[in-house]
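Enquirer:
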Amino acid sequence: LSLPNTLDVLEIKEGDCGELSALLVGFLRSVGIPSYVNIGLVYNKGKFFYHAWPSVFVGEWIDTDPAFNQLIADPTHIKLLKGLESQFQISKIIGNVKIEILEYK
Numbered sequence: 126l127s128l129p130n131t132l133d134v135l136e137i138k139e140g141d142c143g144e145l146s147a148l149l150v151g152f153l154r155s156v157g158i159p160s161y162v163n164i165g166l167v168y169n170k171g172k173f174f175y176h177a178w179p180s181v182f183v184g185e186w187i188d189t190d191p192a193f194n195q196l197i198a199d200p201t202h203i204k205l206l207k208g209l210e211s212q213f214q215i216s217k218i219i220g221n222v223k224i225e226i227l228e229y230k
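213 is the number that the numbering used here gives to position 88 of the sequence shown; each next residue is one higher, with no gaps.
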């Protein structure tokens, strides 16, 4: 787990969900749009994965996901923590999470 820095991401020009989320949140905040990063799980290709994605305030809070190219994040995102600073707490949660899919459409 790492805390991506927006300036470092701009310099390196690569990253995963954490870097993409930090970059988008940094840009949005720089133009006065409230936003933060969510930490949680995403269901993809039959498995749950650790993931980060932004929430943006545009009259209401919406989740978006630049890593999956989703303007509005789909329901496969399960938010566990709010803010990149909280991501170190996820190590306490991840090993103990049990998820059962009851129904989907």
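Idealized CB from N, CA, C, for every residue including glycine.
Within 10 angstroms of the Cβ of Val183, are there 16 or more other Cβ atoms? Answer buried if so, exposed if not.
Expert: exposed
Enquirer: Once you ignore the five residues that flank Val156 on each side, which residues in its own chain have a CB closer than 8 Å to its CB?
Expert: none
Enquirer: Using a 10 Å radius around the Cβ and a threshold of 16 neighbouring Cβ atoms, would you call Asn163 buried or exposed?
Expert: buried
Enquirer: If we require 3 or more residues per run, which beta strand (DSSP E) segments fall completely within the segment 128 to 202?
Expert: 160 to 169, 172 to 182, 186 to 188
Enquirer: Quick one: residues in its chain with C-beta nearer than 6 Å to the C-beta of Pro191, no 5 flanking neighbours on either side, listed in chain order?
Expert: Leu145, Leu149
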